[in-house]
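Colleague: If you use my numbering, the sequence shown corresponds to residues 378 to 833, in order. Dumping the structure here so I can ask a few things about it.
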Amino acid sequence: MQLTRLKKLQQQGRDLLDRGLDRHIRLGVTGLSGAGKTALITSLIDQLSHSASYPQKLPRWSLAAQRRIVDVKFAAQPDWSIARFDYEGALQALRAESPQWPESTTGLSELRLELTIARDGGWKQAAWPTQKLVIDLFDYPGEWLLDLPLLDMTFEDWSTAQLKLLHEPSRELIAKPWLTATASVGDIVSTADLDAVVRHASAGYRDLLKRLRYDVGVFWSQPGRMLLPGSLEGAPILDFFPWPGHFNDQTSALTKALQQRFERYKAEVVTPFYRDYFCRFNRQIVLVDILGAMQRGPVAFADLRLALSALLPVFHYGRNSWWQRLWRPHIERVAFIATKADLLTLTQQRTVLDWLQELVGSTEIDVDSAVAQMQQVVAAVRATEYGHLADGREVLRGSVDGTQRAFHVDYLPAFGAQLATPVALPKLDPPDANEPGPLPNLRIDQLLEFLLGDLA
Ligand SMILES: Nc1nc2c(ncn2[C@@H]2O[C@H](COP(=O)(O)OP(=O)(O)OP(=O)(O)O)[C@@H](O)[C@H]2O)c(=O)[nH]1
Ligand SMILES: [Mg+2]
Numbered sequence: 378m379q380l381t382r383l384k385k386l387q388q389q390g391r392d393l394l395d396r397g398l399d400r401h402i403r404l405g406v407t408g409l410s411g412a413g414k415t416a417l418i419t420s421l422i423d424q425l426s427h428s429a430s431y432p433q434k435l436p437r438w439s440l441a442a443q444r445r446i447v448d449v450k451f452a453a454q455p456d457w458s459i460a461r462f463d464y465e466g467a468l469q470a471l472r473a474e475s476p477q478w479p480e481s482t483t484g485l486s487e488l489r490l491e492l493t494i495a496r497d498g499g500w501k502q503a504a505w506p507t508q509k510l511v512i513d514l515f516d517y518p519g520e521w522l523l524d525l526p527l528l529d530m531t532f533e534d535w536s537t538a539q540l541k542l543l544h545e546p547s548r549e550l551i552a553k554p555w556l557t558a559t560a561s562v563g564d565i566v567s568t569a570d571l572d573a574v575v576r577h578a579s580a581g582y583r584d585l586l587k588r589l590r591y592d593v594g595v596f597w598s599q600p601g602r603m604l605l606p607g608s609l610e611g612a613p614i615l616d617f618f619p620w621p622g623h624f625n626d627q628t629s630a631l632t633k634a635l636q637q638r639f640e641r642y643k644a645e646v647v648t649p650f651y652r653d654y655f656c657r658f659n660r661q662i663v664l665v666d667i668l669g670a671m672q673r674g675p676v677a678f679a680d681l682r683l684a685l686s687a688l689l690p691v692f693h694y695g696r697n698s699w700w701q702r703l704w705r706p707h708i709e710r711v712a713f714i715a716t717k718a719d720l721l722t723l724t725q726q727r728t729v730l731d732w733l734q735e736l737v738g739s740t741e742i743d744v745d746s747a748v749a750q751m752q753q754v755v756a757a758v759r760a761t762e763y764g765h766l767a768d769g770r771e772v773l774r775g776s777v778d779g780t781q782r783a784f785h786v787d788y789l790p791a792f793g794a795q796l797a798t799p800v801a802l803p804k805l806d807p808p809d810a811n812e813p814g815p816l817p818n819l820r821i822d823q824l825l826e827f828l829l830g831d832l833a
């Protein structure tokens, strides 16, 4: 016990020192469900793992291009109480005879990589010819991200905002039966068992969130753990819902019970997740699933803007002095990324980049001017090749359900235009990546240059 604690302290000491010397990166990959986080993390780990032996595959990452990466290895992760990110499993699936995308994520995991880098001259080179770069990566279900904005809300704030949303035309039709049934629970509660009423209405609210998510395609539903509870399945802490009664009766037993549960959810579920992971990232990739939203249609596309503008203010984008870096790491570099670019031609990728820049620009986040920002369109795992038909038209070639085919996404809204109908995208199989070396991708080396290029 004593020894474990000592080891933990030593590890924390090393972590702090590395962080003080700016060689410890805690990289957060932030994105809603299905945005491509797990595929991107797998690809990043794969590119990094191959960077010493296949530097020519990462020409736009200067450390690799200059052949300065001497060694890359997996190291013991700092937090032993959470799962290790299953890089090997994801890679095995991607490289199988009939390749599969990684499964949707159901829990938190992390992985630590340690890079040994040759110094590039300078006075330190004679004494310390190499230096270490420690990178921690985290994966989690996208739904859990939806809860972070709750931290700044009271039950009344949250309930008001959710009810307003449920009355919007995109949601009202589906929400109506639950809204009607719930409007009167305050009357029942004086005679019935409070717990049973809350449980029943919460179960209905949970079904409603699922329908909105999976049938209508909305992104923005809270609480996120109702959609994907993980170890909280069936736990009473998830039993709460927005309730119109709070407007006129602050003292009722039901209002009090809901306020209490909401506060406990924040304190016991959301705060630890934020405190232990999100507020410790010092570099961040924000995955914006523009294509996924366009594919789900106009409601989802509008919802993506809503989700981004609610989420981004939760993070602190500011530069730290060295002492702040030890105790209060804030995000110093942020890359806004749309992935799955391999579904599009180069011209279409440019359009998505315009959309991305506009979406990020329209959110009111306070990014310190000293914080480096990047916006780019990438493919974590490139599943297509560019090609041309005999008549010269641009196409993409990839595999769908095991069959090779040529395709072209015919409708993609021009930048600034309304999304009229859902964008039809094929569900591509991962590529046949049997060649040795890292997974095929688009522009991951540029992303690595942005995230790590200033470090050595
Ligand atoms: N063509 C293509 N498809 C991708 C790429 N990355 C992800 N996808 C597709 O997007 C799906 C979702 O990707 P994930 O990485 O599982 O998304 P996630 O953000 O981890 O989702 P959750 O775990 O549910 O939060 C995959 O199953 C693929 O179908 C890519 O680079 N290219
Ligand atoms: Mg995932």
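We put the beta carbon where it would ideally sit given N, CA and C, even for glycine.
1. Closer than 7 angstroms to a non-hydrogen atom of ligand 1 - does that hold for the CB of residue 479?
2. Between residue 719 and ligand 1, is there a pair consisting of the residue's CB and a ligand heavy atom that are separated by less than 7 angstroms?
3. Secondary structure at residue 590, three-state DSSP: helix, strand or coil?
4. Can you find a heavy atom of ligand 2 that lies under 7 angstroms from the Cβ of residue 716?
5. Short of 6 angstroms in beta carbon distance, which residues of its chain neighbour residue 734, apart from the five on each side in sequence? Order them along the chain.
6. Under 7 angstroms from any heavy atom of ligand 2, does the C-beta of residue 516 make it?
7. Indicate the three-state DSSP secondary structure (helix, strand or coil) for residue 761 in the structure shown.
8. Measure the C-alpha to C-alpha separation of residue 594 and residue 607 and round it to an integer number of angstroms.
9. My output table needs one value for residue 488: the three-state DSSP class, helix, strand or coil.
10. For the segment 495–559, which segments carrying the alpha helix (DSSP H) assignment without a break, of at least 4 residues, lie completely within its bounds, in sequence order?
11. Given the structure, does residue 482 come close to ligand 2, in the sense that its CB is under 7 angstroms from one of the ligand's heavy atoms?
12. Quick one: give me the first and last residue of the alpha helix (DSSP H) that residue 415 is part of.
13. For residue 694, which option in 657, 517, 492, 665 has the closest C-alpha, if you only look at C-alpha atoms?
14. Going by CA-CA distance only, name the one from 451, 558, 644 that's closest to residue 493.
15. Here's a check: name, in chain order, each residue in its chain whose Cβ is nearer than 7 angstroms to the Cβ of residue 717, leaving out the five neighbours to either side.
16. Hey, residue 422 and residue 514: beta-carbon distance below 8 angstroms or not?
17. Tell me, please, whether the segment 578–588 touches the segment 519–526 by the rule of three or more beta-carbon pairs shorter than 8 angstroms.
18. Just the C-alpha distance for residue 820 and residue 763, rounded to the nearest angstrom, thanks.
19. Report whether the distance from the Cβ of residue 415 to the nearest heavy atom of ligand 2 is below 7 angstroms.
20. Identify, in the order they occur along the chain, each residue of the same chain with its Cβ nearer than 7 angstroms to the Cβ of residue 418, setting aside the five sequence neighbours on each side.
21. Can you find a heavy atom of ligand 1 that lies under 7 angstroms from the Cβ of residue 805?
22. Measuring CB to CB, does residue 609 end up less than 8 angstroms from residue 574?
23. Measuring alpha carbon to alpha carbon, tell me which residue in 787, 768, 808, 708 is nearest residue 778.
24. If we ignore side chains and look at the alpha-carbon of each, how far apart do residue 731 and residue 488 end up?
25. Is residue 764 a contact residue of ligand 1, with contact defined as CB to any heavy atom under 7 angstroms?
26. Is the separation between the beta-carbon of residue 713 and that of residue 665 shorter than 8 angstroms?
27. Based on Cα-Cα distance, which residue from 676, 758, 795, 772 lies nearest to residue 547?
28. Around the C-beta of residue 628, are 16 or more other C-beta atoms found within 10 angstroms, so that it is buried, or is it exposed?
29. Return the Cβ separation of residue 589 and residue 634 in integer angstroms, given the expectation that the two are a contact with Cβ distance under 8 angstroms.
30. Is DSSP giving residue 752 helix, strand or coil here?
31. Taking only three categories from DSSP, how would you classify residue 769?
32. Which stretch, first to last residue, makes up the beta strand (DSSP E) that contains residue 662?
33. Does residue 655 come out as helix, strand or coil in the three-state DSSP assignment?
34. For a test of the three-state rule: what should DSSP assign to residue 804, helix, strand or coil?
Modeller: In short:
1. It does: the Cβ of residue 479 is within 7 angstroms (strictly closer) of some heavy atom of ligand 1.
2. At least one heavy atom of ligand 1 falls within 7 angstroms of the beta-carbon of residue 719.
3. Shown here, residue 590 sits in a helix according to DSSP, grouped into three states.
4. Not so, every heavy atom of ligand 2 lies at least 7 angstroms from the Cβ.
5. Correct list, in chain order: 752.
6. For ligand 2, at least one heavy atom lies less than 7 angstroms from the Cβ of residue 516.
7. The three-state secondary structure of residue 761, taken from DSSP, is strand.
8. Going by the C-alpha atoms only, they are around 21 angstroms apart.
9. Looking at residue 488 - three-state DSSP - the assignment turns out to be strand.
10. Counting only runs of 4+ residues, the alpha helix (DSSP H) found wholly inside the segment 495–559 occupies 501–504, 532–543, in chain order.
11. In this structure, residue 482 has its CB closer than 7 angstroms to one or more heavy atoms of ligand 2.
12. From DSSP, the alpha helix (DSSP H) with residue 415 extends over 414–426.
13. Closest option to residue 694, Cα to Cα, is 657.
14. The shortest Cα separation from residue 493 among 451, 558, 644 belongs to 451.
15. Cβ neighbours of residue 717 beyond the five flanking positions: 413, 668, 756.
16. Pairing residue 422 with residue 514 gives a Cβ-Cβ distance under 8 angstroms.
17. These segments do not touch.
18. Going from the Cα of residue 820 to the Cα of residue 763 covers about 15 angstroms.
19. For residue 415, the shortest separation between its Cβ and any heavy atom of ligand 2 lies below 7 angstroms.
20. Around residue 418, the same chain offers 406, 462, 514, 516 as residues with beta carbons nearer than 7 angstroms, after the five sequence neighbours per side are excluded.
21. Yes, the beta carbon of residue 805 sits closer than 7 angstroms to at least one heavy atom of ligand 1.
22. No.
23. It is 808.
24. Between residue 731 and residue 488, the C-alpha separation is close to 33 angstroms.
25. Here the distance from the Cβ of residue 764 to the nearest heavy atom of ligand 1 is not below 7 angstroms.
26. Here residue 713 is near residue 665, since their CB atoms are less than 8 angstroms apart.
27. For the residues 676, 758, 795, 772, the minimum Cα distance to residue 547 belongs to 676.
28. By the 10 Å Cβ count, residue 628 comes out exposed.
29. Incorrect: roughly 24 angstroms between the Cβ atoms, too far for contact.
30. If DSSP states are grouped into helix, strand and coil, residue 752 belongs with the strands.
31. Annotated three-state conformation of residue 769 is coil, per DSSP.
32. Start and end: 660–664.
33. Residue 655 falls in the helix class under three-state DSSP.
34. In the structure shown, residue 804 sits in coil (DSSP, three-state: anything other than H, G, I, E or B).
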